[in-house]
Amino acid sequence: MTPRNVPAKDDAEVKDTTASPDKESETAKLNRLLGAVMRYLSDDEQEEIDIEYLLENTEGLRDWWSEYRELDRKRVEEEIKNSLTNLSLEELENIREQIRTKE
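Note that the sequence shown covers residues 8 to 110 in my numbering.
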């Protein structure tokens, strides 16, 4: 008899918990970027935050930020597309007008 809440041997999944080298290097890169940003932000001598300084002086941060923004843009576009079916004709026409004025 097996105890409660314990899967039988056949049901137990063996999970590979080791991270792939790509994941480890991505994690190391993100840790380095975050560390550099946090060092800058926690510097008591900094009176104002200069984003351009961070992007220029933290290796890889500008590229990462650009990639992140592009992925976020795609997510926002998809979210907007998915929500269009819930809008009224009037709301859709207003959106179309806003788009036309931008062009």
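Idealized CB from N, CA, C, for every residue including glycine. Quick caveat: nothing in here was measured; it's all calculated off a predicted structure.
To the nearest angstrom, how far is the alpha carbon of residue i from that of residue j?
{"i": "Y47", "j": "I106", "result": "39 Å"}
{"i": "W72", "j": "R103", "result": "30 Å"}
{"i": "Q53", "j": "E110", "result": "41 Å"}
{"i": "N93", "j": "E100", "result": "13 Å"}
Between the beta-carbon of residue i and the beta-carbon of residue j, is there less than 8 Å?
{"i": "L68", "j": "L40", "result": "yes"}
{"i": "T65", "j": "A43", "result": "yes"}
When you compare the stretch 47-67 with the stretch 77-95, are there three or more beta-carbon pairs, one atom per stretch, that lie closer than 8 Å? Taking 8 Å as the limit for Cβ pairs, the verdict is that the stretch 77-95 does not touch the stretch 47-67.
Give the list of continuous alpha helix (DSSP H) stretches no shorter than 4 residues that lie fully inside the stretch 49-100. Within the stretch 49-100, the runs of alpha helix (DSSP H) that reach at least 4 residues and sit entirely inside it are, in chain order, 58-64, 68-90.
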